[in-house]
Amino acid sequence: MKVSFFITCLGDMFYPNAGKASVQLLEKFGCTVDFPTSQTCCGQPAFNSGYHQDAKKAAKQTITAFADSQYVVTPSGSCAAMLHEYPQLLQDEPEWSSDAELLTQKSYELTQFLVEVLGVENTGASFKAKATYHTSCHMIRLLGVTSAPQTLLDNVEGLEMIDLPNKHDCCGFGGTFAVKMPKISKEMVDEKVSCIQETEADILIGADAGCLMNIGGRLTRKNDAIKVMHIAEVLNHSE
Amino acid sequence: MPLRVGEKNFENRIHTGLEDAFMRGAVRSAQERLRTRKQESSEELGDWEAWRDLGEEIRTHTLNHLDYYLEQLSDKVAELGGHVFFAQTAEEANDYVRKVAEEKEAQKIVKSKSMVTEEIGLNDVLEDDGREVVETDLGEYILQIDDHDPPSHIVAPALHKNREQIRDVFRDKKGYENSESTEELTRFAREQLRQEFLEADLGITGCNFAVAESGSISLVTNEGNARLVTALPKTQVTVMSMERIVPTWEELDVLVSLLCRSAVGQKLTSYITGLTGPKGEEDVDGPEEFHLVIVDNGRSEILGTQFQSALHCIRCAACVNVCPVYRHVGGHAYGSIYNGPIGAVLTPLLDGYEDNKDLPYASSLCAACTEACPVKIPLHEHLIAHRQIITEKENLGPLPEKWAMKMFGSGTSSPRLYRLASKQAHRAMRPWTKGSNIPNGPGPLKAWTNIRDLPAPASQRFRDWFANRDREDKS
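Respectively, the protein sequence lines represent chains A and B.
full-length UniProt numbering puts the first residue of the first sequence at 1, with every later residue one more than the last.
full-length UniProt numbering puts the first residue of the second sequence at 1, with every later residue one more than the last.
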C-alpha cells in the first residue's frame with residue numbers, strides 16, 4: 001500500500017521524531033511511504049483566525065502536493081480535520097472543489113489509518129511506563145476518531161495507562177487562541193496540567209503537536225519532570 | 001437590562017472574571033454537576049444522537065416555514081380571545097407592554113424568567129414609568145435585589161454567586177437573619193415572593209415554545225413561579241422571540257425532552273406549563289386578558305443567512321456548561337445577557353460587530369459546544385464564520401495579524417520559500433534557545449513564552465531526515 005506522509009508544519013520543525021516513528025510504523029505494517037516535498041502547512045492558523053483567502057492558498061498547495069497520492073496520512077488529528085474542511089473552504093472555486101473532495105476522502109490521521117485501514121490494533125510495541133493520554137479536541141470532535149488511539153495504547157506491552165480526569169476539556173492551545181487570549185489559555189493549560197499531575201503518570205501521550213507544545217511547554221515552565229511524547233513514538237517503542 | 005451588560009472593555013471583563021476566585025469556584029462546580037447530570041439523563045434516553053437529529057430536523061423545518069407557523073399561532077391566539085402583537089424592534093415591544101400596563105393601571109408587575117425581556121430591556125422601561133417590577137425566578141430575584149447584578153448564565157442567572165453571597169444579599173437588602181442553608185434561603189425568598197404574587201396587577205412571562213396548532217404557550221420551570229405569574233394576575237403578557245415556536249404538541253414533546261435533559265439533566269422539570277388563551281368560562285384560574293408579544297429585534301435578518309441555525313437555540317445552556325473558556329472567565333466576561341458559546345455567536349448577530357468583535361475569539365474552537373448542543377447548532381463553525389466577517393469584510397482585525405496572515409498565505413503557497421524559512425528557524429532561534437527550549441522568545445513569540453516554553457526548532461527537520469534516508473537507500 002502506498003502512503004504519502006503529511007508531516008505538518010509543527011511536526012516538521014518541532015517534532016521530527018514523531019514523524020520518524022510514524023514512517024517506521026507505517027513501513028512495519030507493509031506500507032511504502034513517500035514524502036511529497038512541496039507540502040507546507042494545512043492552513044489552519046489562517047482558517048481558524050478568519051483569514052480564509054490566505055488559508056485557501058495553503059489549501060491549494062496541499063491539494064497540489066498530494067494530487068497523485070493514494071493515501072495521505074498525518075500524525076495530527078487537528079491537521080487531518082483541517083484537510084476535511086477544504087471542500088467547504090473551496091466550494092466557490094469549482095476548479096478546486098472536486099480535488100479538495102478527493103483529498104478529504106484519502107486523508108487519515110495516523111492512528112485512524114492504522115486501525116481503520118490497516119486493521120492494526122497492536123503495533124507490537126513495548127514500553128515499561130506509567131502514562132496518561134490527552135485526547136485532542138479536533139481528533140475526537142471534528143474528525144470523529146474516538147477510540148483508535150486508546151485501543152492501540154492499551155495493547156502496548158508493559159504500558160500502564162491511567163485515565164486522565166476531565167479528559168474531554170481542551171488544553172487551551174487552540175492555535176492562535178494561545179497567543180490572542182493568553183490569560184484564558186493559561187488558566188486552561190494550568191487546569192490540564194493539574195489533572196495530569198493528579199494521575200501521577202511519568203509520561204503524557206498526545207496525538208497532536210499543538211497540544212503537546214502547549215502542555216509540554218507549561219510542564220517544563222513549571223519544572224515538572226513529566227515527559228511528553230507523541231503517540232507514534234510510544235507505538236513504535238520497544239524495550 | 002439591555003442585551004449588552006457590564007463593563008465595556010473586553011480585556012477588563014476577562015481580567016475581572018479571572019480574578020474572581022469565588023465565581024470561578026461556583027462556575028466550576030456547577031459545570032461539573034450539570035454536565036454529569038446531562039450525560040446521565042441523555043444516556044437514559046437511548047440513542048441520544050438520533051434525538052439530536054430529530055431536534056435539529058424540527059428546528060430546521062420550523063425556521064424554514066416560520067412565517068406560516070407564526071401566522072397559524074397568531075390566528076389561533078386571536079380565535080381564543082387573546083391579543084397578538086408583532087414587534088419588529090425592542091422599542092415597539094416595550095411600547096406595547098407599556099401601554100397594556102398603563103391601561104391596567106398596573107402598579108405591581110410580577111415576572112417569570114425571560115431572556116427576551118432582558119434583551120429588549122423591558123424592566124427598565126416599566127420602572128421608568130414608576131411601576132414596580134418583581135422578578136420571581138429565584139436566580140433573577142437575587143440579581144434584581146442585588147442592585148440589578150447582570151445574569152451570568154442563560155438558565156441559572158445567579159450561577160456566579162455562592163450561598164454565602166446570596167445570604168449576604170438577602171441580609172443587606174431584605175433584612176434576612178438566617179443561615180446560608182439552601183432550605184432557609186429558599187423559604188425566605190418564597191415568603192417574600194408569595195406576597196408579591198398576591199398584590200400583582202399584571203403578570204409577564206417569557207415563552208419556552210409556542211405551539212402553533214393550538215395557539216398555546218409553554219413554560220418550563222423548576223420553581224413553579226411561572227404558574228403563579230400566569231394564575232394570579234388578571235392580565236398576562238407573554239413576550240416571545242419569534243423563533244421560539246413549534247408546529248404541534250408532538251414536536252413540543254421532543255424539544256421539551258431535549259431541553260430539560262440538556263439544561264438541568266432532568267427527564268422533565270418540576271413544572272411544564274401549557275397555556276392556551278385567556279381564562280375560559282370553565283377554568284378556575286388564569287388571566288382574564290392575554291397578550292402575546294412576538295419579538296423580531298433583528299432575527300428576521302438572520303433567517304436565510306449562514307447563521308440561521310443560531311436561531312435553532314432552545315436556551316438550554318448545554319454549550320455554556322461544557323465551555324472551558326466560560327469555565328474560567330464566567331458569564332459577565334461576555335458583556336452580554338447571552339453568554340458562553342451561544343452568546344459569542346448570537347451577540348454579534350443581534351448587536352453588530354463593532355462592540356462585540358472580541359467575542360468570537362473567546363474560544364479555543366475545541367467544539368465541545370457543538371458536540372453538546374441538543375439541536376446541533378455548529379457553534380464553533382459559526383464562530384469561525386464570524387471571524388471571517390470580522391477580518392475580511394468588516395476589516396476589524398489587528399493590522400500586524402493581517403500582515404502575518406498575508407505572509408502565511410505567501411509562505412505556505414511557495415514550497416521554496418517555506419522550505420527556506422523553516423530551515424533557518426533552528427539557527428535564527430539559537431540566541432534565545434536554552435537547552436532544548438526557548439523560555440523567553442523575541443517579539444510576537446513573547447505572547448507564547450510568557451506562559452510556557454517553546455520547544456527549540458529541531459536542528460534536523462523531519463524532511464531533511466527523510467531526504468537523507470532516501471538518498472542513503474538509493475546509493
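We put the CB at the ideal spot given by N, CA and C, even for glycine.
Whole-Å CB distance - residue i paired with residue j, under 8 Å assumed
i: residue 179 of chain A; j: residue 448 of chain B; result: 6 Å
i: residue 293 of chain B; j: residue 206 of chain B; result: No, residue 293 of chain B and residue 206 of chain B are not in contact; Cβ-Cβ is about 11 Å, not under 8 Å.
i: residue 25 of chain A; j: residue 232 of chain A; result: 6 Å
Burial state of residue i, where buried means 16 or more other Cβ atoms lie within 10 Å
i: residue 68 of chain B; result: exposed
i: residue 74 of chain B; result: buried
i: residue 92 of chain A; result: exposed
i: residue 151 of chain B; result: buried
i: residue 453 of chain B; result: buried
i: residue 248 of chain B; result: exposed
i: residue 167 of chain A; result: exposed
i: residue 208 of chain B; result: buried
i: residue 222 of chain A; result: exposed
i: residue 29 of chain B; result: exposed
i: residue 345 of chain B; result: buried
i: residue 66 of chain A; result: buried
i: residue 550 of chain B; result: Nothing about residue 550 of chain B can be read from this structure; chain B reaches only from 1 to 475.
i: residue 105 of chain A; result: exposed
i: residue 21 of chain B; result: exposed
Span of the alpha helix (DSSP H), counted from its first residue to its last, around residue i
i: residue 199 of chain A; result: 182-199
i: residue 193 of chain B; result: 182-199
i: residue 350 of chain B; result: 340-351
i: residue 134 of chain A; result: Not the alpha helix (DSSP H): residue 134 of chain A falls in the beta strand (DSSP E), residues 126-134.
i: residue 265 of chain A; result: One cannot answer for residue 265 of chain A here, as it falls past the ends of chain A, which runs 1 to 239.
i: residue 29 of chain B; result: 21-44
i: residue 210 of chain A; result: 209-221
i: residue 69 of chain B; result: 66-79
i: residue 151 of chain A; result: 148-154
i: residue 96 of chain B; result: 90-103
i: residue 446 of chain B; result: 446-449
Distance cut-off 7 Å: residue i Cβ against heavy atoms of the ligand GTP
i: residue 177 of chain A; result: Summarising the ligand content, the structure contains no ligands, and the ligand GTP is consequently not present.
Proximity test, Cβ basis, 8 Å: residue i and chain B
i: residue 134 of chain A; result: no
i: residue 2 of chain A; result: no
i: residue 252 of chain A; result: Examination of residue 252 of chain A is not possible in this model, given that chain A is present from 1 through 239 alone.
i: residue 187 of chain A; result: yes
i: residue 31 of chain A; result: no
i: residue 14 of chain A; result: yes
i: residue 137 of chain A; result: yes
i: residue 69 of chain A; result: no
i: residue 146 of chain A; result: no
i: residue 173 of chain A; result: yes
Within chain B, the residues that residue i reaches when beta carbons sit closer than 7 Å
i: residue 52 of chain A; result: 388 and 392
i: residue 126 of chain A; result: Under the 7 Å cutoff, chain B gives no residues; its nearest Cβ is about 24 Å from residue 126 of chain A.
Any C-beta of chain A under 8 Å from that of residue i
i: residue 460 of chain B; result: yes
i: residue 348 of chain B; result: no
i: residue 366 of chain B; result: yes
Start-to-end residues for the beta strand (DSSP E) that takes in residue i
i: residue 159 of chain A; result: 157-162
i: residue 205 of chain A; result: 203-206
i: residue 135 of chain B; result: 132-135
i: residue 236 of chain B; result: 235-241
i: residue 71 of chain A; result: 71-74
i: residue 234 of chain A; result: Counting along the chain, residue 234 of chain A falls outside any beta strand (DSSP E), though it belongs to the alpha helix (DSSP H) covering 231-235.
i: residue 219 of chain B; result: 216-221
i: residue 272 of chain B; result: 271-276
Chain-ordered chain B contacts of residue i [CB-CB under 9 Å]
i: residue 37 of chain A; result: 415, 419, 463, 466 and 467
i: residue 61 of chain A; result: 412, 413, 414, 415 and 418
Within chain A, partners of residue i - CB distance below 9 Å
i: residue 242 of chain B; result: Ordered by position in chain A, no residue passes the 9 Å Cβ test against residue 242 of chain B, which lies about 29 Å from the chain.
i: residue 397 of chain B; result: 49, 50 and 51
Chain-ordered chain A contacts of residue i [CB-CB under 8 Å]
i: residue 362 of chain B; result: 181 and 184
i: residue 46 of chain B; result: In chain order: nothing, as chain A lies at least about 19 Å away.
i: residue 422 of chain B; result: 9, 12 and 13
i: residue 425 of chain B; result: 13
Interface partners of residue i on chain A, CB under 7 Å
i: residue 406 of chain B; result: 54
i: residue 448 of chain B; result: 178 and 179
i: residue 453 of chain B; result: 217, 220 and 221
i: residue 371 of chain B; result: 141
i: residue 457 of chain B; result: 13 and 14
Proximal chain D residues relative to residue i, where beta-carbon distance stays under 8 Å
i: residue 107 of chain A; result: Structure shown: chain D not included; protein chains present are A and B.
Neighbour list for residue i in chain B, Cβ cutoff strictly below 8 Å
i: residue 6 of chain A; result: In chain order: nothing, as chain B lies at least about 11 Å away.
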